[in-house]
């Protein structure tokens, strides 16, 4: 199991377009991937759930990746959050 | 039955500027009702789930077909909307909710989907963020598409007569893509806000649009003549000839203006002989940045921070300030942003500071003078700025500096805050440069001494003029004496620029003179290469820069040097080379 923390760098949070990209990225892996903001935890394979979380720029989120390909998934997720800017 | 009706107006929110004149084409969304049918047994439940999955597959195939069509046409905004819709259609949460309603409440796939979609639409509509609220339309759109396939109905295609104005209760993302934008002159919707797809697409394509027009559909009939003003956010129904003529003229003016702006936005501010000039904007809050980018600003030369402190009952704490600066840092990205620390005094409304009423607030207890006295306030602001600087490209500057000692004292506090943050392990931008405003004549006179203390100067002309000439421009009886072209003011400015160059530090200007097109060549001639102004002034100044040469600018400066009145200097500055 891999645990990662990120600050959302996109000023307006995770909008529909990057959220779509994130869901598609997550679906490529067999690992279960979830995201936690505050008290809420969601599975990252659902666009509805990502948007419903309504993240804002500056929010701190944590991602938990668990499964056989977790190392590859974690590095892909890492790239996604680091590139997620304006 | 024909009746002659009077012209009338409907107000909304203008989301894409421009004027459209044409006949109305009315578009209404079909209302979907729940059937109330209850399933009889487990076999029917399984069959309904199967029907739902089947309808989703057909919906996805339909969207795939649309994507293929758009890819060929090179329509990128449309593609994004559809890629997102595919994810909504196949969302595991959506399916789980629908299946649950079918299995546990014995509802049909149709009813379950209507229920789930309605709940999701409500969830999004209740969000505190305007962008997320607008996403309810995407959910509704995806739901409607699956519903149509559940009912076995194919998508109907509309035809749009050329030059029509679409008038709709709401335009779904799919509607927006289906609109043949080469035919449509503009559109107005009853629902929707500035972040709806319709608004975004309209803006991207330069089609005038107004949203949020309450009771729009009650007043308009198909084919009726309309004027739509996307700037004012207004519709005129049944305009008479005189009104139409006025709007035709506006339409013409807008077209010329936007062509001019467009021609300048993406070109660089370089003189004819190749000297690059930095054009920045003065702003007060994060939202102002949009206008900066639209006008081609390279960054922010002055972020006023007073807005954080005014019109409230208590000081903003570090977290609130951090949030404000961080928003700006994230939005500006790599572009430079120069933050001015609090410039507050007895003339501004901040009762919680307990500032006494002063006879002469502009010569009183204000700005850095308060900060060096009330270091608690100052340190909180500096901590917030430093922390936010980790997310962007910040510089910081102190206003109302009159002596070397004040700069040293302010820098000492900044250093203290840096040390504290480092000890706490809190990240901050190590590269942040420190500068001062040159707005008190004393500072201009000792520019050589001050230059040894800082990384940059920013010349604040508004205060520099009023202090140098001892003129309060709010006082009508002396306002005419307030003049940036007064030789005394210009000598001070020239001196500051020269001393900055001698010391090898950066110098910019952030007062109104920087945005005055008549002063551009003169300031270039003095050696100024960085101008910060209100965002809307940027295109005009850029045009000035691009039409001149450095040689010409230096000639203007030389000619102005020998003159003894502001009027003569202004005349030289306005002369055509």
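Protein chains in written order, with the UniProt record's numbering: chain A, 1 to 86; chain B, 1 to 577.
Glycine included, each C-beta is placed from N, C-alpha and C at the ideal position.
Proximal residues to residue i (C-beta, below 6 Å), its chain only, five neighbours per side dropped
i	result
residue 292 of chain B	281, 535
residue 330 of chain B	391
residue 488 of chain B	468
residue 2 of chain B	Residue placement at residue 2 of chain B is flagged as unreliable, the pLDDT there being 43, under the threshold of 50; the coordinate-derived value follows with that caveat. Same-chain partners within the cutoff: there are none.
residue 307 of chain B	284, 285
residue 578 of chain B	Lying outside 1 to 577, the shown extent of chain B, residue 578 of chain B is not represented and no answer is given.
residue 464 of chain B	439
residue 520 of chain B	541, 544
residue 7 of chain A	60
residue 213 of chain B	10, 12, 188, 190
Delimiting residues of the alpha helix (DSSP H) encompassing residue i
i	result
residue 389 of chain B	375-389
residue 129 of chain B	Looking at the DSSP string, residue 129 of chain B is not in any alpha helix (DSSP H), and its letter there is neither H nor E.
residue 340 of chain B	From DSSP, residue 340 of chain B is part of no alpha helix (DSSP H) but of the beta strand (DSSP E) over 336-340.
residue 244 of chain B	241-265
residue 546 of chain B	538-547
residue 462 of chain B	461-469
residue 24 of chain A	16-27
residue 53 of chain B	42-73
residue 322 of chain B	318-332
Sheet register partners of residue i (DSSP bridge)
i	result
residue 295 of chain B	Answer is none; residue 295 of chain B lacks a bridge partner.
residue 531 of chain B	B/279, B/509
residue 184 of chain B	B/164
residue 8 of chain B	B/237
residue 203 of chain B	In DSSP, residue 203 of chain B forms no bridge with anything.
Bounding residues of the beta strand (DSSP E) (the contiguous stretch that carries residue i)
i	result
residue 304 of chain B	Unbroken run through residue 304 of chain B: none, as it is neither H nor E.
residue 562 of chain B	Premise fails: residue 562 of chain B is in no beta strand (DSSP E) and is neither H nor E.
residue 226 of chain B	225-229
residue 41 of chain A	40-43
residue 517 of chain B	Taken as a continuous stretch (DSSP letters only), residue 517 of chain B belongs to no beta strand (DSSP E), as it is neither H nor E.
residue 236 of chain B	234-237
residue 93 of chain B	Residue 93 of chain B -> not in any beta strand (DSSP E); alpha helix (DSSP H) instead, spanning 92-105.
residue 26 of chain B	19-27
residue 278 of chain B	278-283
residue 7 of chain A	2-7
residue 87 of chain A	The structure shown has nothing for residue 87 of chain A, since chain A only spans 1 to 86.
residue 16 of chain B	13-16
residue 271 of chain B	Unbroken run through residue 271 of chain B: none, as it is neither H nor E.
residue 434 of chain B	433-438
Residue i at chain A interface by Cβ criterion, 7 Å
i	result
residue 330 of chain B	yes
residue 433 of chain B	no
residue 2 of chain B	For residue 2 of chain B, the predicted model reports a pLDDT of 43, less than 50, meaning its position is unreliable; a value from the coordinates is still stated below. Not closer than 7 Å to any Cβ of chain A, the Cβ of residue 2 of chain B fails to qualify, so no.
residue 381 of chain B	no
residue 291 of chain B	no
residue 326 of chain B	yes
residue 17 of chain B	no
residue 336 of chain B	no
residue 92 of chain B	yes
Proximal residues to residue i (C-beta, below 8 Å), its chain only, five neighbours per side dropped
i	result
residue 501 of chain B	507, 527
residue 247 of chain B	19, 21, 227, 229, 236, 239
residue 52 of chain B	95, 98, 99, 102, 109, 112, 113, 146, 150
residue 495 of chain B	444, 445, 447
Closer than 7 Å to chain B by CB, residue i
i	result
residue 48 of chain A	yes
residue 67 of chain A	no
residue 62 of chain A	no
residue 95 of chain A	Since the first residue of chain A shown is 1 and the last is 86, residue 95 of chain A is not available in this structure.
residue 75 of chain A	no
Nonlocal neighbours in the same chain, by C-beta distance under 7 Å from residue i, ignoring five residues either side
i	result
residue 163 of chain B	22, 185
residue 143 of chain B	113, 117
Interface residues of the region 77-89 of chain B facing chain A [CB-CB below 7 Å]: 80, 83, 84, 87, 88
Can you give me, in chain order, the residues of the region 402-429 of chain B that have a beta carbon less than 9 Å from any beta carbon in chain A? none
Discussion item. Give me the subset of the region 5-37 of chain A whose CB atoms are less than 9 Å from a CB atom of chain B, sorted by chain position.
Written reply: 7, 8, 9, 10, 11, 12, 13, 15, 16, 17, 19, 20, 21, 23, 24
request  = Please name the residues in the region 120-149 of chain B whose beta-carbon is closer than 8 Å to at least one beta-carbon of chain A, in chain order.
outcome  = 120, 123, 124, 127, 128, 129, 131, 132, 135, 138, 139
Members of the region 296-327 of chain B that neighbour chain A once the beta carbon cut-off is set at 8 Å: 323, 326, 327
* Mind listing which residues of the region 381-399 of chain B have their C-beta closer than 8 Å to chain A's C-betas, in chain order? -> 391
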